[in-house]
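Novice: Below: one structure in structure tokens.
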Amino acid sequence: MKISFLIHNAYGIGGTISTTFNLAQALADRHDVEIVSVLRHRERPNFTLDPRVSLRPLVDLRQEKEHPLHLRPAKVFPSAEYRYQQYSELTDERIGEALETIDADVVIGTRPGLNVHLALQAPRRVVRVGQEHLTLDNHPSRLRTTLRRTYRRLDVLTTVTEADAAAYRRKMRLPGVRVEALPNSVPDPRLPAADGTAKVVVAAGRLVPVKRYDLLVEAFALVAAERPDWLLRIYGKGEEHDRLRRLIQDLGLSDNVFLMGAAAPMEAEWVKGSIGAATSNFEPFGMTIVEAMRCGLPVVSTDCPHGPREIIEDGVDGRLVPVGDRDALGAALLELVRDDERRRRMGRTAVENARRFAPAPVVEQAERLFDEALSARSTGRPVVPERVRMHRALVSQGFAARDAAHAAAGNALRTVRRGRS
Numbered sequence: 102m103k104i105s106f107l108i109h110n111a112y113g114i115g116g117t118i119s120t121t122f123n124l125a126q127a128l129a130d131r132h133d134v135e136i137v138s139v140l141r142h143r144e145r146p147n148f149t150l151d152p153r154v155s156l157r158p159l160v161d162l163r164q165e166k167e168h169p170l171h172l173r174p175a176k177v178f179p180s181a182e183y184r185y186q187q188y189s190e191l192t193d194e195r196i197g198e199a200l201e202t203i204d205a206d207v208v209i210g211t212r213p214g215l216n217v218h219l220a221l222q223a224p225r226r227v228v229r230v231g232q233e234h235l236t237l238d239n240h241p242s243r244l245r246t247t248l249r250r251t252y253r254r255l256d257v258l259t260t261v262t263e264a265d266a267a268a269y270r271r272k273m274r275l276p277g278v279r280v281e282a283l284p285n286s287v288p289d290p291r292l293p294a295a296d297g298t299a300k301v302v303v304a305a306g307r308l309v310p311v312k313r314y315d316l317l318v319e320a321f322a323l324v325a326a327e328r329p330d331w332l333l334r335i336y337g338k339g340e341e342h343d344r345l346r347r348l349i350q351d352l353g354l355s356d357n358v359f360l361m362g363a364a365a366p367m368e369a370e371w372v373k374g375s376i377g378a379a380t381s382n383f384e385p386f387g388m389t390i391v392e393a394m395r396c397g398l399p400v401v402s403t404d405c406p407h408g409p410r411e412i413i414e415d416g417v418d419g420r421l422v423p424v425g426d427r428d429a430l431g432a433a434l435l436e437l438v439r440d441d442e443r444r445r446r447m448g449r450t451a452v453e454n455a456r457r458f459a460p461a462p463v464v465e466q467a468e469r470l471f472d473e474a475l476s477a478r479s480t481g482r483p484v485v486p487e488r489v490r491m492h493r494a495l496v497s498q499g500f501a502a503r504d505a506a507h508a509a510a511g512n513a514l515r516t517v518r519r520g521r522s
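Take the sequence shown: its letter number 99 is residue 200 in our numbering, and every next letter is one higher.
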């Protein structure tokens, strides 16, 4: 089949871009795959794209930033969406044209505003799959109202966690739309896993307030005070960079904590560490957690909604600590710093437990979703998820057992009556 992804800007850096590239690459083993990028601002993507996957931009900001239509606000892309200011009548027009002429069997939107375009403008002949890379509760109420109205035209809606899929089923009521959790995948590592001997804690992600790297730096001060030979390396760039640098200096940690800048891919940096750290107040999935675990690092993470708890088994392949609790975070890090054998054992377990996020099982699930949606489109019958089929089967078995019991009781009663006569 031919599969097309519709993405905001494939030329930037971010979790959605990384996971889209990963899934597209894995699907390209058996399918014709393309990525349609609404925006483009540079010559080549930051992430390496498999040459089997084609990339097609719609609006090149290097030449069209001042296009008359790009100076007018968007009318299709919802105004309550986070990226609304980057969209325009020009993006509305180009997205509409791309969808109208699309030759794919399956088209996948990768953010709410693009899912709205997909629901309203994609031809009925294609399977329309909306992806949720954040969470339903993360969206403002005005956007949720728009999604509730337009998402009914999708065939499939995927979330990255079971918790968010349950929230969509419970709160949105999308009749005829299959809502399933489809986790992000991480490519199989090319380097040997970390052996747990390096005295390094590694964290990675955008340097923005929600990631709470300030909390991580403060917690690591507790580690450095007891084990000054341990280091913390934070990879990424963003608005918090200067504030974090000042915090590191104020706490006297300039010899222990380092802001490393962005690195893509991160695999070569993960394997240089022995412990991964994630300290967000909110994490829709936790891509860096999976990356670290696949490279052999147990991860100490805040137990924030929604992703970490569905990835980490506390005390087995990592640790979960309360959100915003500096002392609990520092204590959990110190547990692993002090105990070499436990740290290494948890790292080995992390590699095994994170295999469920490898491309093969995730792609297998995605292909099943697409195939069943295509089949439903051709037959005109709605797709019934496996969990619903099982429930119906159990109910049917219950009715069958009830009917059998009634029949047996009736036969017994008739036998008694014949005996009396």
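Where a beta carbon is used, it is the ideal one built from N, C-alpha and C, also for glycine. The model shown is predicted, which means the values in this text are computed figures rather than measured ones.
With distances taken from CA atoms, which of Pro385, Gly425, Asp428 is nearest Pro523?
Specialist: No answer is possible for residue 523: the residues shown for the chain start at 102 and end at 522.
Novice: Going by the CB atoms, is the gap between Ala433 and Val417 shorter than 8 Å?
Specialist: no
Novice: Name the two residues that bound the continuous beta strand (DSSP E) containing Asp133.
Specialist: 133 to 141
Novice: I'd like to check one pair, Gly214 with Arg184: are the Cβ atoms closer than 8 Å?
Specialist: yes
Novice: In angstroms, rounded to a whole number, what distance separates the CA positions of Leu398 and Pro293?
Specialist: Spanning the alpha carbons of Leu398 and Pro293 requires a straight line of approximately 12 Å.
Novice: Identify whether Leu159 lies in helix, strand or coil by the three-state DSSP scheme.
Specialist: strand
Novice: Using the C-alpha atoms, what's the distance from Ile412 back to Cys396?
Specialist: If you take the alpha carbons of Cys396 and Ile412, they lie about 14 Å apart.
Novice: Buried or exposed: which applies to Thr202, given that a residue is buried once 16 or more other Cβ atoms fall within 10 Å of its Cβ?
Specialist: exposed
Novice: Figure out for me which residue from Trp331, Pro366, Leu348 has the closest Cα to the Cα of Asn357.
Specialist: Trp331
Novice: Let me know if Asp289 comes out buried or exposed under the rule of 16 or more other beta-carbons within 10 Å of its beta-carbon.
Specialist: exposed
Novice: Could you check where the alpha helix (DSSP H) with Val466 kicks off and where it finishes?
Specialist: One point to set straight first is that residue 466 is Gln, not Val, in the sequence displayed. Where Gln466 is concerned, the enclosing alpha helix (DSSP H) stretches over 460 to 480.
Novice: Would you kindly work out how many angstroms separate the C-alpha atoms of Tyr528 and Ile209, rounded to a whole number?
Specialist: Past the boundaries of the shown model lies residue 528; the chain is included only from 102 to 522, so the question cannot be answered.
Novice: Can you tell me whether DSSP reads Ala378 as helix, strand or coil?
Specialist: strand
Novice: Determine the burial state of Ala461: buried for a count of at least 16 other Cβ atoms within 10 Å of its Cβ, exposed for fewer.
Specialist: Result: exposed.
Novice: Using a 10 Å radius around the Cβ and a threshold of 16 neighbouring Cβ atoms, would you call Ala266 buried or exposed?
Specialist: Buried, since its Cβ has 16 or more Cβ neighbours within 10 Å.
Novice: Please report the distance separating the alpha-carbon of Arg456 from that of Gly113.
Specialist: 27 Å
Novice: Is DSSP giving Lys176 helix, strand or coil here?
Specialist: coil
Novice: What are the start and end residues of the alpha helix (DSSP H) that includes Gly231?
Specialist: Gly231 -> not in any alpha helix (DSSP H); beta strand (DSSP E) instead, spanning 228 to 233.
Novice: What does Ser105 pair with, by DSSP beta-bridge criteria?
Specialist: Glu135, Val208
Novice: Per the DSSP calculation, Glu384 is bridged to which residue(s)?
Specialist: His407
Novice: Going by DSSP in three states, Arg250 sits in which element: helix, strand or coil?
Specialist: helix
Novice: Look at the alpha carbon of Leu258 and the alpha carbon of Val318, and state the distance between them as a whole number of angstroms.
Specialist: 38 Å
Novice: In the DSSP assignment, what are the bridge partners of Asp415?
Specialist: Gly419
Novice: With DSSP run on the structure shown, which of helix, strand or coil describes Tyr185?
Specialist: When secondary structure is reduced to three states using DSSP, Tyr185 falls in the helix class.
Novice: Determine, using beta carbons only, whether Asp161 and Gln126 come nearer to each other than 8 Å.
Specialist: With respect to the 8 Å criterion, Asp161 and Gln126 are not classified as neighbours on the basis of their beta carbons.
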